[in-house]
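Undergrad: Heads up: the sequence shown begins at 3 in my numbering, then just goes up one per residue.
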Amino acid sequence: MSLSKFMKNQYGKWFYLQLLSLSLLTFCSFGAQFLVTYDLGQIIDSVSRDYQETLRYFRIIAAALLLSIVTSALRSICSGRMTARFACRLKQSIGNQICKVPCQYIESFTDGELLTMVTKDVEGCRNWLALCAKTGCLPAQIGLPILFVFQYDWRFALFTLCLIPLAALPEALLASRLHRYHAREKKAYSMVLSFFNTMVDSSLVLKSFQLESLFQCRNQVLLDAYKKERMSRSLQEQLVDVYSRIFGHVTNVLILLLGAFFILTGNMTLGKLTSIILLANFVGEGIKVLNEIPVGYQGARASLAHLETLLLLEREPTGKKQKSASPLPDDGSPQCSAISHTMPDACHTVLSPVYEVKSLRFSYGNRQVLHDVTFAVAQEEKIAIVGPSGCGKSTLFKVLSGLYTPGEDQVFFLGRDVAQIPPDDLRTRITATTQETFLFQATFRENICMADTGCTDTALIQAARNAYIHDLIAASPQGYDTPVCTTTQSLSGGQAQRLNLARAFLRDTDIWLLDEPTSALDADTTDQVLDHLFAACGNRTLLMILHNMQEIHRFDKVLLLVEGKVAGFGTHAALLTECEAYRRLYAGGTAQEGDTL
Numbered sequence: 003m004s005l006s007k008f009m010k011n012q013y014g015k016w017f018y019l020q021l022l023s024l025s026l027l028t029f030c031s032f033g034a035q036f037l038v039t040y041d042l043g044q045i046i047d048s049v050s051r052d053y054q055e056t057l058r059y060f061r062i063i064a065a066a067l068l069l070s071i072v073t074s075a076l077r078s079i080c081s082g083r084m085t086a087r088f089a090c091r092l093k094q095s096i097g098n099q100i101c102k103v104p105c106q107y108i109e110s111f112t113d114g115e116l117l118t119m120v121t122k123d124v125e126g127c128r129n130w131l132a133l134c135a136k137t138g139c140l141p142a143q144i145g146l147p148i149l150f151v152f153q154y155d156w157r158f159a160l161f162t163l164c165l166i167p168l169a170a171l172p173e174a175l176l177a178s179r180l181h182r183y184h185a186r187e188k189k190a191y192s193m194v195l196s197f198f199n200t201m202v203d204s205s206l207v208l209k210s211f212q213l214e215s216l217f218q219c220r221n222q223v224l225l226d227a228y229k230k231e232r233m234s235r236s237l238q239e240q241l242v243d244v245y246s247r248i249f250g251h252v253t254n255v256l257i258l259l260l261g262a263f264f265i266l267t268g269n270m271t272l273g274k275l276t277s278i279i280l281l282a283n284f285v286g287e288g289i290k291v292l293n294e295i296p297v298g299y300q301g302a303r304a305s306l307a308h309l310e311t312l313l314l315l316e317r318e319p320t321g322k323k324q325k326s327a328s329p330l331p332d333d334g335s336p337q338c339s340a341i342s343h344t345m346p347d348a349c350h351t352v353l354s355p356v357y358e359v360k361s362l363r364f365s366y367g368n369r370q371v372l373h374d375v376t377f378a379v380a381q382e383e384k385i386a387i388v389g390p391s392g393c394g395k396s397t398l399f400k401v402l403s404g405l406y407t408p409g410e411d412q413v414f415f416l417g418r419d420v421a422q423i424p425p426d427d428l429r430t431r432i433t434a435t436t437q438e439t440f441l442f443q444a445t446f447r448e449n450i451c452m453a454d455t456g457c458t459d460t461a462l463i464q465a466a467r468n469a470y471i472h473d474l475i476a477a478s479p480q481g482y483d484t485p486v487c488t489t490t491q492s493l494s495g496g497q498a499q500r501l502n503l504a505r506a507f508l509r510d511t512d513i514w515l516l517d518e519p520t521s522a523l524d525a526d527t528t529d530q531v532l533d534h535l536f537a538a539c540g541n542r543t544l545l546m547i548l549h550n551m552q553e554i555h556r557f558d559k560v561l562l563l564v565e566g567k568v569a570g571f572g573t574h575a576a577l578l579t580e581c582e583a584y585r586r587l588y589a590g591g592t593a594q595e596g597d598t599l
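(1) Which same chain residues end up closer than 8 Å to A484 when comparing Cβ atoms and leaving out the 5 residues on each side of it in sequence?
(2) Under 8 Å: do the segment 559-574 and the segment 394-408 share three or more Cβ pairs, one atom per stretch?
(3) Using DSSP's beta-bridge definition, name the partner residues of P485.
(4) Counting only the same chain and skipping the five closest in sequence on each side, list residues whose C-beta sits under 6 Å from that of P319.
(5) From the DSSP output, which residues share a beta bridge with I547?
(6) Within its chain, find whatever has a CB closer than 7 Å to the CB of T271; leave out the 5 residues flanking it on each side and keep chain order.
(7) What span of residues does the alpha helix (DSSP H) with G572 cover, start to end?
(8) Check this for me: beta carbons of L131 and L21, under 9 Å apart or not?
(9) Have a look at the DSSP bridge pairing and note the partners of R542.
(10) Excluding the 5 residues flanking M193 on each side, which residues of the same chain have their C-beta closer than 7 Å to its C-beta?
(11) Give the straight-line distance between the Cα atoms of S4 and F198, rounded to the nearest whole angstrom.
(12) Could you tell me which residues DSSP puts in a beta bridge with L68?
(13) Name the residue from D510, A386, F442 whose alpha carbon lies nearest to the alpha carbon of Q552.
(14) Taking its Cβ as the centre, do 16 or more other Cβ atoms sit within 10 Å of C349, making it buried, or is it exposed?
(15) Pick helix, strand or coil for S339, following the three-state DSSP scheme.
(16) Is Y470 helix, strand or coil when you go by DSSP?
(17) Below 8 Å, can you find three or more Cβ-Cβ pairs linking the segment 63-79 to the segment 28-47?
(18) Taking all protein chains shown into account, decide if V124 is buried (16 or more other Cβ within 10 angstroms of its Cβ) or exposed.
(19) Leaving out five residues before and five after H181 in sequence, what residues of the same chain have Cβ atoms less than 7 Å from its Cβ?
(20) Indicate the three-state DSSP secondary structure (helix, strand or coil) for R51 in the structure shown.
(21) Taking only the alpha-carbon atoms, compute the straight-line gap between Y59 and F150 and give it to the nearest angstrom.
(22) Keeping to the same chain, check which residues put their C-beta closer than 7 Å to that of E582; ignore five residues upstream and five downstream.
(23) Taking only the alpha-carbon atoms, compute the straight-line gap between A378 and Y357 and give it to the nearest angstrom.
(24) Pop quiz: I450 and A465 are said to be a contact at Cβ under 8 Å. What is the actual Cβ separation, rounded to whole angstroms?
(25) Can you name the residues that DSSP bridges to K559?
(26) Are the beta-carbon atoms belonging to I547 and Y588 less than 9 Å from one another?
(27) Using the three-state DSSP reduction, which class does A498 fall into: helix, strand or coil?
(28) Comparing C-alpha positions only, which one of T253, I63, M201, Y183 sits nearest to E239?
(29) Counting C-beta neighbours from all protein chains within 10 Å, is the total for C101 16 or more, i.e. buried, or is it exposed?
(30) How would you write the range of the beta strand (DSSP E) that K360 sits in, first residue to last?
(31) What does DSSP give as the partner residues of T433 in its beta bridges?
(32) Output the boundary residues of the beta strand (DSSP E) element that contains V371.
(33) Going by DSSP, what residue range makes up the beta strand (DSSP E) through F440?
(34) If K384 and R556 are in contact, beta carbons under 8 Å, what's the gap, nearest whole angstrom?
(35) Using DSSP's beta-bridge definition, name the partner residues of V531.
(36) Output needed for S196: all residues of its chain with C-beta closer than 6 Å, excluding positions within five of it in sequence on either side, in chain order.
Okay, here's the thing in structure tokens:
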């Protein structure tokens with residue numbers, strides 16, 4: 003995508019019109035400055051001729067100065083508003099894309115890469131927009147002075163014209179190499195940000211294992227790499243700047259020598275030479291802006307290329323794009339199949355499973371995590387998913403909850419292929435909690451109510467009671483309006499997990515998927531939470547990743563995963579009898595914690 007089209011898409015339909023208006027304001031501001039510079043020389047020549055003429059030029063200069071001040075102020079205000087609006091909309095697009103892109107794509111980015119997009123890349127595009135608006139000065143700073151010089155001597159004008167490409171072209175060639183320097187610098191910067199984020203998240207581990215020196219050395223290596231790339235990019239930009247300065251000094255000397263020659267030959271007055279010298283500096287500022295264009299363009303190109311790795315990712319499908327597919331039942335009950343069996347005294351309809359998984363395979367890149375997983379979950383069944391660390395439990399959950407999209411004809415939900423169901427439609431039917439607990443810089447109320455923004459205080463408090471976190475919140479200084487500080491981790495892991503469970507109780511759907519919801523709780527609290535959970539889920543379907551094998555008796559069936567394959571599926575008693583791998587796992591007392599697959 004071209005840079006201008008990208009910026010127009012981000013800003014909105016009035017982008018070109020507002021940019022043109024801003025450029026006109028810039029032209030007026032610098033055009034007024036040109037009049038001031040031009041008439042200063044005229045005053046010098048008119049002093050010896052006529053007082054009234056001198057006064058007239060003085061009035062023109064005063065009016066031009068006033069116009070320059072007004073238009074400069076308007077330009078600054080409009081430019082600030084336009085660039086701020088563009089930056090905010092671009093950051094909004096990044097945030098929307100992160101929310102809409104499938105999870106497996108987002109997980110391929112590091113935290114540092116995403117932070118770099120929000121900071122460095124947005125700033126690179128914003129600076130380019132500001133520079134585009136600033137180019138309105140070029141007709142006034144370069145065009146008008148050349149026309150002025152042509153009035154007096156075409157030879158002097160041609161000499162001035164020849165200086166412009168001599169100044170601009172070499173700098174443009176130097177700047178054309180900046181794209182790859184910007185790209186390498188952004189990559190190094192993202193690695194530094196990722197590492198700092200890791201240091202903050204793992205500060206307890208860092209201190210417990212006395213890894214401060216190791217982390218400091220690793221941090222220094224990354225900072226040195228970033229410093230090297232930044233200096234390389236800075237060196238290229240400094241070469242452009244140095245060439246511009248040297249050329250400007252040489253130009254001033256040449257103009258003075260040429261002007262002195264024209265005065266001696268009678269082709270130029272002292273006042274005109276004064277104006278030309280002043281305008282030479284005026285033109286020099288214009289050439290400087292002209293030289294900033296390739297530098298800014300290369301930086302914006304690098305930013306756009308980085309942003310496109312995220313912004314061009316295909317979003318998850320929505321229900322609007324899949325009108326041909328039959329909708330899920332509104333009441334949350336499984337669809338009835340067309341199969342009915344006649345019995346001696348009655349007939350009944352066989353219901354489709356809530357979930358039917360058929361030879362499910364899933365990979366992260368070239369690494370296959372799930373291998374031909376097959377099982378079915380009937381309505382109102384309570385299923386425990388167990389297995390050693392890294393066996394694929396969390397990956398399976400992310401597939402079932404619609405965070406990861408499976409291949410066609412591999413996972414069926416209420417009789418429909420999950421690959422054909424819009425993810426939003428699937429997620430509205432289920433309550434899912436991940437292994438990680440997510441807290442936001444907000445109050446207890448806001449953190450819980452995000453599961454149901456229209457909930458009443460009664461429902462909120464009941465959900466907190468069910469998760470056994472109400473007493474903690476009520477004892478806080480401002481109750482449910484107490485801010486939760488995630489930066490200093492004001493809640494323990496168990497408290498954060500109970501807050502996460504409160505969201506699940508508040509959501510209240512017919513199908514629950516819980517990924518180790520009590521792993522950070524003590525035994526007594528775990529029993530209390532699970533007692534209420536199973537009481538609340540009496541007529542609901544429940545799938546839970548379980549690490550505490552002592553709670554396995556609560557479930558109707560157990561799904562055992564080993565190395566991404568189903569090693570057993572059935573009742574606890576049947577697996578103890580038939581499955582050696584399950585007997586070993588149960589004998590160990592608990593499944594392995596820390597499953598990240």
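Here a beta-carbon is modelled for each residue, glycine too, at the ideal position from N, C-alpha and C.
TA: Let me spell this out:
(1) According to the sequence provided, residue 484 is Thr. The question's Ala does not apply to it. Residues of the same chain with a CB within less than 8 Å of the CB of T484, apart from the 5 flanking positions on each side, are T445, F446, I475, S478 in chain order.
(2) yes
(3) T445
(4) Only P424 meet the Cβ criterion.
(5) I387, D517
(6) The residues are D47.
(7) From DSSP, G572 is part of no alpha helix (DSSP H) but of the beta strand (DSSP E) over 567-572.
(8) In this structure, L131 places its C-beta atom within 9 Å of the C-beta atom of L21.
(9) For R542, which the question treats as bridged, DSSP gives no partner whatsoever.
(10) Apart from sequence neighbours up to five positions away, the residues of its chain that approach M193 with a beta-carbon distance below 7 Å are G114, L224, ordered along the chain.
(11) Distance between the alpha carbons of S4 and F198 is about 34 Å.
(12) According to DSSP, which records beta bridges pairwise, L68 is partnered with nothing at all.
(13) A386
(14) Below a pLDDT of 50, predicted positions are generally treated as unreliable, and C349, at 39, falls in that range; no measurement from the model is reported.
(15) Interpretation of S339 is limited by its pLDDT of 35, a score under 50 that renders its predicted location unreliable; the figure taken from the coordinates is listed afterwards. Strand at S339.
(16) coil
(17) yes
(18) buried
(19) Q300, R303, A304
(20) coil
(21) Rounded to the nearest angstrom, the two C-alpha atoms are 16 Å apart.
(22) none
(23) 6 Å
(24) 6 Å
(25) I385
(26) no
(27) helix
(28) Y183
(29) exposed
(30) Segment 357-366, the beta strand (DSSP E) holding K360.
(31) W514
(32) 369-379
(33) Element bounds for F440: n/a, residue is neither H nor E.
(34) 7 Å
(35) None, per the DSSP bridge assignment.
(36) T112, D113, G114
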